[in-house]
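So our numbering is basically just the index in the sequence shown, starting at one, shifted up by 10. By construction, the Cβ of each residue, glycine as well, lies at the ideal position given by its N, Cα and C atoms. Here the structure is laid out as structure tokens; the discussion comes afterwards.
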Amino acid sequence: MTIKFPKHDLRSIAFTKLHGNGNDFILIDEMDHVIIPDDMKAQFAVVYCDRRFGIGGDGVLFISKSEKADIRMKLFQPDASEAEMCGNGIRCLAKYAFDKEYVKKKAFSVETLAGVMQVRVGYDSEGDFMATIDMGAAVYLESREIDGMTVYSVNTGVPHAVIFVGNVDGIAIDEVAPKIRHHSSFPKGTNVNFVQITGSSEIVIRTFERGVEGETLSCGTGSTASALTAAKTGKVHGNTVHVKTVGGPLDITVGDIPQMTGPAATVFVGEILY
11 MTIKFPKHDL RSIAFTKLHG NGNDFILIDE MDHVIIPDDM KAQFAVVYCD RRFGIGGDGV
71 LFISKSEKAD IRMKLFQPDA SEAEMCGNGI RCLAKYAFDK EYVKKKAFSV ETLAGVMQVR
131 VGYDSEGDFM ATIDMGAAVY LESREIDGMT VYSVNTGVPH AVIFVGNVDG IAIDEVAPKI
191 RHHSSFPKGT NVNFVQITGS SEIVIRTFER GVEGETLSCG TGSTASALTA AKTGKVHGNT
251 VHVKTVGGPL DITVGDIPQM TGPAATVFVG EILY
């Protein structure tokens with residue numbers, strides 16, 4: 011599948027590939043002007059997130075100026091849907107904006123469909139980029155039984171189902187998760203997290219993401235939802251929950267306004283020629 015872009019002076023589209031704990035994104039810089047028209051952004055994500063015929067990614071980030079915050083983030087997913095928020099994606103966008111000096115301070119704001127998020131960034135002693143995101147107040151919904159599993163429902167910018175299991179590695183996630191993701195209890199669908207308690211303040215999770223329609227190596231909003239649910243149900247204790255995702259660790263500070271801290275990295279830059 012190809013896209014016929016509008017005719018203009020451009021003959022190539024620059025992009026940057028980034029990832030947060032293996033949750034990878036294509037980023038298009040629209041700070042100066044629109045590169046991909048709004049009515050083409052969804053189809054652009056479908057084509058270029060393809061890992062065999064495109065660039066490959068769990069989504070496409072668009073960075074632009076904002077009237078409400080320092081910068082704006084839009085995220086389109088491989089199924090053409092637009093996500094309200096993405097924890098790993100916002101860290102990647104924050105890294106790009108900080109490195110490009112679009113923001114010249116270490117604390118700034120990012121407009122998303124889920125609201126304006128506060129971000130604090132910097133490089134640690136080993137030269138790795140780290141970002142802390144104020145994730146906004148979570149919305150807890152009542153738990154329910156689905157296929158013999160207790161499913162907790164919480165919205166951390168996007169909807170998440172949280173299921174506690176004895177061993178996350180024993181879950182056939184591609185078989186089990188879609189039944190919950192598409193369950194009638196979730197009219198708009200939901201992301202699905204399987205959570206194993208591994209310590210008094212530590213959990214391991216695997217996430218099946220709505221929009222990607224498969225397991226991703228990491229999910230920031232899912233890690234937040236899982237940590238908050240584990241704390242709320244008394245399964246973990248302390249102010250900070252250490253979350254181990256397939257792609258790497260995240261720290262979630264629980265509270266009325268939870269915070270997520272984790273890395274982001276630039277993989278490569280390139281051009282789409284047409």
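Residue range of the alpha helix (DSSP H) that includes residue i
i, result
"residue 41", "Premise fails: residue 41 is in no alpha helix (DSSP H) and is neither H nor E."
"residue 236", "230-242"
"residue 185", "183-191"
"residue 106", "97-109"
Enclosing beta strand (DSSP E) for residue i [first to last residue]
i, result
"residue 140", "139-144"
"residue 57", "Residue 57 -> not in any beta strand (DSSP E); alpha helix (DSSP H) instead, spanning 48-58."
"residue 283", "275-283"
"residue 133", "125-133"
"residue 208", "201-209"
"residue 22", "22-30"
"residue 263", "258-263"
"residue 45", "Unbroken run through residue 45: none, as it is neither H nor E."
"residue 165", "159-165"
"residue 218", "212-219"
"residue 253", "250-255"
"residue 119", "117-122"
"residue 246", "Premise fails: residue 246 is in no beta strand (DSSP E) and is neither H nor E."
"residue 197", "Here residue 197 belongs to no beta strand (DSSP E), and DSSP marks it neither H nor E."
"residue 172", "169-174"
"residue 225", "224-226"
Span separating the alpha-carbon of residue i from that of residue j
i, j, result
"residue 158", "residue 221", "25 Å"
"residue 108", "residue 141", "11 Å"
"residue 169", "residue 229", "12 Å"
"residue 162", "residue 42", "42 Å"
"residue 214", "residue 206", "5 Å"
"residue 188", "residue 195", "13 Å"
"residue 201", "residue 153", "15 Å"
"residue 111", "residue 118", "12 Å"
"residue 223", "residue 88", "8 Å"
"residue 174", "residue 243", "11 Å"
"residue 39", "residue 71", "9 Å"
"residue 279", "residue 59", "15 Å"
"residue 217", "residue 134", "27 Å"
"residue 167", "residue 148", "7 Å"
"residue 99", "residue 139", "14 Å"
"residue 180", "residue 36", "31 Å"
"residue 254", "residue 246", "14 Å"
"residue 160", "residue 204", "11 Å"
"residue 127", "residue 283", "34 Å"
"residue 49", "residue 151", "34 Å"
CB contact flag (residue i, residue j, <7 Å)
i, j, result
"residue 67", "residue 34", "yes"
"residue 80", "residue 269", "no"
"residue 274", "residue 30", "yes"
"residue 32", "residue 232", "no"
"residue 248", "residue 260", "no"
"residue 73", "residue 28", "no"
"residue 219", "residue 208", "no"
"residue 25", "residue 52", "no"
"residue 54", "residue 45", "no"
"residue 239", "residue 164", "yes"
"residue 190", "residue 171", "yes"
"residue 131", "residue 114", "no"
"residue 22", "residue 185", "no"
"residue 251", "residue 210", "no"
"residue 296", "residue 241", "Within the shown structure, residues of the chain are numbered from 11 to 284, placing residue 296 beyond reach of any answer."
"residue 267", "residue 237", "no"
"residue 156", "residue 193", "yes"
Beta-bridge pairing of residue i - partner residues as DSSP gives them
i, result
"residue 72", "38, 84"
"residue 148", "Paired residues: none, contrary to the question."
"residue 156", "159"
"residue 33", "30"
"residue 272", "141"
"residue 92", "86"
Any chain B beta carbon closer than 7 Å to residue i
i, result
"residue 264", "The structure shown contains no chain B; it holds only a single protein chain."
Exercise. Is there contact here, the region 95-102 with the region 112-124, by at least three beta-carbon pairs under 8 Å?
Worked result: yes
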